[in-house]
Amino acid sequence: MSFVQRSRTEVAKSILGGKEEVICHRGSSQFTRGAGSSACGLAALNFARVIFREFRASGQEDGERLLRVVVKRQTVEEITSICSGWTSDVHLDVDDIYKIPVFEKTLRLEQTKYGRPGSGEFEGLLRDLQGIASECAAIITRPPEIIACAKISASGRDVFAIFDSHSKPDYPDGSGLILNTSISGTAARLAKMLPLDDRLLELTDMQWQVQLLANYSGHIFVPRDLDNSMESLTHSLIDSSLEILALRAQFLDLKARHSALNSKNKRLEAEVQDLRDTLHRNLASSHTRSRPLKDGQTSLSDSTKGTISPRALSKRKETTFPAASCTHRYNYQSSSPSGSGASKETNSNAQSPTSVRSDGDNQDLLALQVQQQYDEEDRHLRAQREELLQMQLRVFKCGVQAVWIRRQARPRGNYHTCLPLFRVQTCLVQIMPAFYHSRRTSALVRWLFRVSFSDETTRMEALSE
């Protein structure tokens, strides 16, 4: 191996003699011109384009002259000069790069190979290059690097030229150009430049980014038939200009859409903020209405579980019926779910609502939960009111005793008269035995008494005694 400190003629003769030559020109790296880290793909394809051009200009008969042109500084600087126009760090794929006019007019994709980096794989790739009759080049991608390996015929021998626009330990001052006539030697050099970490293969749960590091791709290009006439060059210039114009129009369209989307996003953000403020106010109001009271209201926790606090039930009506007395007293006490005391506690509790600390989706969920609790409490209170109304006892005034007597839900025993008549029967059983035996009542009264109270004969006789 040697750096370019000798004459180019000596280097060319050494290459044709079967030795490997490493050529490095100081300051020729892609980074010297301020290029981005992803410009190596541009340099690799430009290397293939320049090599094909110089091969056609020199011819394969004068191999020494061709090699002298390839290794000179001006050629290497021309190859890396394209990198100065690309300062972005966005990765450029080979499939996208070669479609730009400067490469599409000069290069044609022949085939693509994939495999794991290694001497054996690279040796197979070089043999594929050797099997192509014309000059050719393989653009090898092993993320994040892209390098080129060209095969040219010089003085009847196949010479493999590797170009790397990065600086490496073997060529620390600039880009590297390695030339060799040996397939195995060139494959070993490629394996050294693109090593494979065996530990990556041991990972069973590799992500796709890691899997890319364990594989390579080789795009094999051959030169197109290039027409160097003025008409052809003018046509290529027009095509390139139209392509650039289309890209600029697309850029302006995307820029306008981006501006419109930014404006729309700002408007939507303002609407979302207004909705959140409204939700916070409604949430605080709902939470205040659904706060539990100390005396008889349903707590939020009870409402969440679907249960009702026992104190929330209304008091039942109280009725007294003395058994041995004809005087019946009915004490009816009405109660509503929200009494005066409860309303006072509601007002006092409403003055100190607890603050709700939540935001985003948690606030929406909490608001929905509080509303559901409020609706559940309302349903329970309505059901309790209906139950109390059904339990309320209906009363009527006894015409015999001149007192209020309650109606039963249904007649009991053997009484088949209507409910008011049943109560009148009870009164008559207690107050009329004397009239029955004294024969001071009319025959009609005695007949009604027998018909209506035939089942009470035994009890009447007992009372009369």
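If you're matching positions, the sequence shown starts at 737 in the working numbering and goes up one per residue. We put the CB at the ideal spot given by N, CA and C, even for glycine.
The residues 815 and 818, in chain order, have a CB closer than 7 angstroms to that of residue 782 in the same chain once the five nearest residues on each side in sequence are set aside.
A direct Cα-to-Cα measurement between residue 907 and residue 894 gives close to 24 angstroms.
Shortest Cα-Cα distance from residue 787 to any of 872, 1104 and 1019 involves 872. By the Cβ-count criterion, residue 1023 is buried, with 16 or more other Cβ atoms from all chains shown falling within 10 Å of its own Cβ. Of the residues assessed, residue 969 falls on the exposed side of the cut-off, its CB having fewer than 16 other CB atoms within 10 angstroms. The residue among 1016, 982, 954 and 1117 with its C-alpha nearest the C-alpha of residue 878 is 954. Residue 914 has its alpha-carbon roughly 15 angstroms from the corresponding atom of residue 802. For residue 878, the uninterrupted beta strand (DSSP E) segment begins and ends at 872–878. Distance check between residue 1020 and each of 1105, 776 and 840 places 1105 closest, using alpha-carbon atoms only. Between residue 855 and residue 923, the C-beta spacing is below 8 angstroms.
Between residue 774 and residue 901, the C-beta spacing is not below 8 angstroms. Taking a C-beta distance under 8 angstroms as the contact criterion, residue 950 and residue 932 qualify as a contact pair. Secondary structure note for residue 881: its beta strand (DSSP E) is the uninterrupted segment 881–890.
In the structure shown, residue 743 falls within a coil segment according to DSSP collapsed to helix, strand and coil. Contact annotation: residue 845 and residue 778 have beta-carbon atoms that are not nearer than 8 angstroms. DSSP lists 904 as the beta-bridge partner residues of residue 907.
Distance from residue 791 to residue 875 at the Cβ level is roughly 17 angstroms; contact not present, criterion being Cβ atoms closer than 8 angstroms. For residue 776 and residue 967, the gap between their C-alpha atoms comes out near 32 angstroms. In the three-state DSSP reduction, residue 934 falls in the helix class (H, G or I). The C-alpha of residue 1116 lies about 10 angstroms from the C-alpha of residue 1110. In the three-state reduction of the DSSP assignment, residue 897 falls in the strand class. Residue environment for residue 987: exposed (fewer than 16 other C-beta atoms within 10 angstroms of its C-beta).
Per DSSP, the beta bridge partners of residue 847 are 956. The beta carbon of residue 990 sits closer than 8 angstroms to none of the beta carbons in its chain outside the five residues before and after it. Out of 800, 930 and 1118, the CA that lies nearest to the CA of residue 899 is found in 930. The continuous beta strand (DSSP E) containing residue 760 extends over residues 757–760. Around residue 866, the same chain offers 887, 894 and 919 as residues with beta carbons nearer than 8 angstroms, after the five sequence neighbours per side are excluded.
Taking 8 angstroms as the upper bound for CB-CB distance, residue 761 and residue 910 are in contact here, some 5 angstroms apart.
For residue 799, the enclosing alpha helix (DSSP H) begins and ends at 799–807.
Following the DSSP letters along the chain, one finds residue 983 inside the alpha helix (DSSP H) bounded by residues 966–1025. Assigned with DSSP and collapsed to three states, residue 836 falls in coil, not helix or strand. In this structure, DSSP gives residue 828 a state outside helix and strand, which the three-state scheme calls coil.
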